[in-house]
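Quick notes on the structure that follows.
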Amino acid sequence: MKVLLIEDNETLGGFLKDILTLKKYNVEWLKDGNDIEYYCQSGGYDILLLDWMLPSTTGIEVIKKLRAQHILLPVIMLTAKSEVTDKVEGLTIGADDYLTKPFDMDELEARMIAVVKRYQAIGNNTKSIGNITFDIIKHEFLIESSVINLSQKEYQLLELLFLNQIVSRDMILDKIWTIDQIVGDNNIDALIRLLKKKLEAVHATVKVKNIRGVGYKLEVIK
Numbered sequence: 001m002k003v004l005l006i007e008d009n010e011t012l013g014g015f016l017k018d019i020l021t022l023k024k025y026n027v028e029w030l031k032d033g034n035d036i037e038y039y040c041q042s043g044g045y046d047i048l049l050l051d052w053m054l055p056s057t058t059g060i061e062v063i064k065k066l067r068a069q070h071i072l073l074p075v076i077m078l079t080a081k082s083e084v085t086d087k088v089e090g091l092t093i094g095a096d097d098y099l100t101k102p103f104d105m106d107e108l109e110a111r112m113i114a115v116v117k118r119y120q121a122i123g124n125n126t127k128s129i130g131n132i133t134f135d136i137i138k139h140e141f142l143i144e145s146s147v148i149n150l151s152q153k154e155y156q157l158l159e160l161l162f163l164n165q166i167v168s169r170d171m172i173l174d175k176i177w178t179i180d181q182i183v184g185d186n187n188i189d190a191l192i193r194l195l196k197k198k199l200e201a202v203h204a205t206v207k208v209k210n211i212r213g214v215g216y217k218l219e220v221i222k
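Going by the UniProt record's numbering, the first residue of the sequence shown is number 1, and it counts up by one from there.
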């Protein structure tokens, strides 16, 4: 397993790198997240271990950058922040797991394996529903090998629907819009309508179905 570690603390970073290397993991250690997109797009990593507080940014901002670029790298946040609100913020913004310092190395390794397995379960870097295929590596949706032309927000919404059985309106709001943007129900409704039209236009055999009071899901048209 190839691990990208972002931790600015020399002692902890060195310790994690040494222990994981002894356990036969291939570890690259960075002390800030400034060039995260470059490393994630070119490094072929299986998982990111990410400190919350970094010298010139935060782990939250690093995750936002990754998800904005549709980089689906598994992320475990490592932080001294133990409040429930902090955990909720990290997981909501796109972290896959959250471990509070100090932590046990066996627990960290178990969580790493579990998170990577969840991503691998998607299957061979692609997932198909109806006649639409999601290429997770290339960040593309295709019908019969032709790329579906989507805006960034349409892509993010379809990605959410592909990777989750049901998507709530709160999930859509949290994943697609930033905290400082003023967004109402009308914005969410408009985005869903746009995606529905795109799917109809390309003759997709799936549709966005409203589950009243719960959220939305993709349903194969019979």
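Backbone N, C-alpha and C define an ideal beta-carbon position, used for all residues, glycine too.
Would you call ASP35 buried or exposed, if buried means 16 or more other Cβ atoms sit within 10 Å of its Cβ? So ASP35 ends up on the exposed side.
Please classify ILE182: is it buried, with 16 or more other beta-carbons within 10 angstroms of its beta-carbon, or exposed? Taking all protein chains shown into account, ILE182 has fewer than 16 neighbouring C-beta atoms within 10 Å of its C-beta and is therefore exposed.
Could you give the C-beta distance for LEU4 and TYR38, rounded to a whole number, given that I count them as a contact under 8 Å? Rounded to whole angstroms, the Cβ separation of LEU4 and TYR38 is 11 Å, and the two are not in contact under 8 Å.
Helix, strand or coil for GLU154? Go by DSSP, reduced to three states. Correct three-state label for GLU154: helix.
Measuring alpha carbon to alpha carbon, tell me which of TYR45, LEU22, THR11, GLU7 ends up nearest TRP29. Checked all of TYR45, LEU22, THR11, GLU7; the closest Cα to TRP29 is GLU7.
Please report the distance separating the alpha-carbon of VAL88 from that of ILE60. Looking at the two C-alpha atoms, the distance is approximately 11 Å.
Compare the C-alpha of LYS31 against each of TYR25, THR57, ILE19 and name the closest. The candidate whose alpha carbon is nearest that of LYS31 is THR57.
Tell me the residue span of the beta strand (DSSP E) that contains ASN186. Unbroken run through ASN186 is the alpha helix (DSSP H), 185-201; no beta strand (DSSP E).
Once the 5 residues before and after ASN125 are set aside, which same chain residues still bring their CB inside 8 Å of it? Excluding sequence neighbours, ASN125 sits near ASP135, ILE136, ILE137.
Per-residue burial, residue 251 [other beta carbons within 10 Å of its own, 16 or more giving buried]: Summary: the structure shown does not reach residue 251, with the chain confined to residues 1 through 222, and so no result is reported for it.
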